[in-house]
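Visitor: Numbering-wise, the working numbering comes out as the position in the sequence shown, counting from 1, plus 17.
Backbone N, C-alpha and C define an ideal beta-carbon position, used for all residues, glycine too.
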Amino acid sequence: MQTTNQKVKALFLDRDGIINIDHGYVSHIEDFEFTEGIFDLVHLFTQKGYLIFVVTNQSGIGRGYFSLESFCTLTDWMTGQFEAQQIKLQDVLYCPHTPESHCTCRKPKTEMIDSILQQYPIDLEHSWLIGDKQSDIDLARNAHIGMCIAIGNTTIQNATYHFDTVSQCKDFLTDTL
């Protein structure tokens, strides 16, 4: 937790489709495949002083496809892989509910971002969110995150930028961030 009143910039990342290839309800280490360029992309942000957060909907828990324990084991392993690349994930926040549960934490609702703001003095206006679904971009807009990037899906609307791959995003931001 930050003890200063100075606001810091953050990068908010979706997990499935951004950090890892989305094979559908990924819950085991052996099924987890990092997207090409993700470590370089995140390292670029850490070099610029951004705090890194993961915000992810994980309805597979609520649907009974995998347990919370399996998710936490995978998350610990994933965090360790980032640490091995000298990248600190500040926190991983998740919604375990199905869309039908109408919870308050599922993206595009802002509860995960609101929770982060209670612990960290984040400058949302100068922060970024990267996602691959409309709900990610809608979360960025709902939470007033300054910049949002859509990866892959060309039907996503209201993104600041759109790229086909994480690597293309990294190449662009290398010159502009």
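Pull up the distance between the alpha-carbon of residue 166 and that of residue 58, whole angstroms please.
Guide: Reading the sequence shown from its first residue, position 149 is the one you call residue 166. Reading the sequence shown from its first residue, position 41 is the one you call residue 58. Straight-line Cα distance between these residues: approximately 12 Å.
Visitor: For the candidate residues 183, 144, 153, 174, whose alpha-carbon lies nearest to that of residue 68?
Guide: Residue 68 sits at position 51 when you count from the first residue of the sequence shown. Among 183, 144, 153, 174, the Cα nearest to that of residue 68 is on 144.
Visitor: How long is the line joining the alpha carbons of residue 118 and residue 156, rounded to whole angstroms?
Guide: By one-based count along the sequence shown, residue 118 stands at place 101. By one-based count along the sequence shown, residue 156 stands at place 139. Distance between the alpha carbons of residue 118 and residue 156: 18 Å.
Visitor: Can you tell me where the beta strand (DSSP E) with residue 180 in it begins and where it stops?
Guide: The residue you call residue 180 lines up with position 163 of the sequence shown. It spans 178-180 - the beta strand (DSSP E) in which residue 180 sits, taken as one unbroken run.
Visitor: Could you tell me the alpha carbon to alpha carbon distance between residue 216 and residue 63, rounded to whole angstroms?
Guide: What is shown of the chain runs 18 to 194, which leaves residue 216 out entirely.
Visitor: What are the uninterrupted segments assigned as beta strand (DSSP E) that are 3 or more residues long and contained completely in the stretch 146-184, given in chain order?
Guide: Taking only runs of at least 3 residues, the beta strand (DSSP E) segments lying wholly in the stretch 146-184 are 164-168, 178-180.
Visitor: Could you tell me whether any non-hydrogen atom of the ligand ADP is closer than 7 Å to the CB of residue 50?
Guide: By its list of ligands, the structure shown contains no ligand whatsoever, and the ligand ADP lies outside what it can speak to.
Visitor: Could you name the residues of the same chain whose beta carbon sits closer than 6 Å to that of residue 34, not counting the 5 residues immediately before and after it, in chain order?
Guide: Taking the sequence shown and counting its residues from 1, the one referred to as residue 34 is at position 17. 149.
Visitor: On the DSSP letters alone, give me the boundaries of the beta strand (DSSP E) that residue 108 sits inside.
Guide: The residue labelled residue 108 in the question sits at position 91 within the sequence shown. Start and end: 108-112.
Visitor: Short check: CB of residue 70 to CB of residue 77, under 8 Å?
Guide: Locating residue 70 in the sequence shown gives position 53, where the first residue counts as 1. Locating residue 77 in the sequence shown gives position 60, where the first residue counts as 1. No.
Visitor: Measuring straight from C-alpha to C-alpha, what distance separates residue 151 and residue 36?
Guide: As a first step, residue 151 is located in the sequence shown; it is residue number 134 there, counting from the start. As a first step, residue 36 is located in the sequence shown; it is residue number 19 there, counting from the start. C-alpha separation (whole angstroms): 17 Å.
Visitor: Check for me: the beta strand (DSSP E) holding residue 29 runs from which residue to which?
Guide: By one-based count along the sequence shown, residue 29 stands at place 12. Residue 29 -> beta strand (DSSP E) spans 27-30.
Visitor: Among the residues of its own chain, which have a CB less than 8 Å from the CB of residue 159, if the five just before and after it don't count?
Guide: Taking the sequence shown and counting its residues from 1, one reaches residue 159 at position 142. Correct list, in chain order: 125, 126, 127.
Visitor: Measure the C-alpha to C-alpha separation of residue 175 and residue 28 and round it to an integer number of angstroms.
Guide: As a first step, residue 175 must be located in the sequence shown, where it is residue number 158. As a first step, residue 28 must be located in the sequence shown, where it is residue number 11. Going from the Cα of residue 175 to the Cα of residue 28 covers about 18 Å.
Visitor: Measuring only the C-alpha atoms, how far is residue 19 from residue 72?
Guide: Taking the first residue of the sequence shown as position 1, residue 19 is located at position 2. Taking the first residue of the sequence shown as position 1, residue 72 is located at position 55. For residue 19, the pLDDT reaches just 49, beneath the cut-off of 50, and the residue's location in the model is therefore unreliable, although a value from the coordinates is still provided. Computed Cα separation, rounded: 19 Å.
Visitor: Over what stretch of residues does the beta strand (DSSP E) that includes residue 68 continue unbroken?
Guide: Indexing the sequence shown from 1 puts residue 68 at position 51. That run of the beta strand (DSSP E) goes 68-74.
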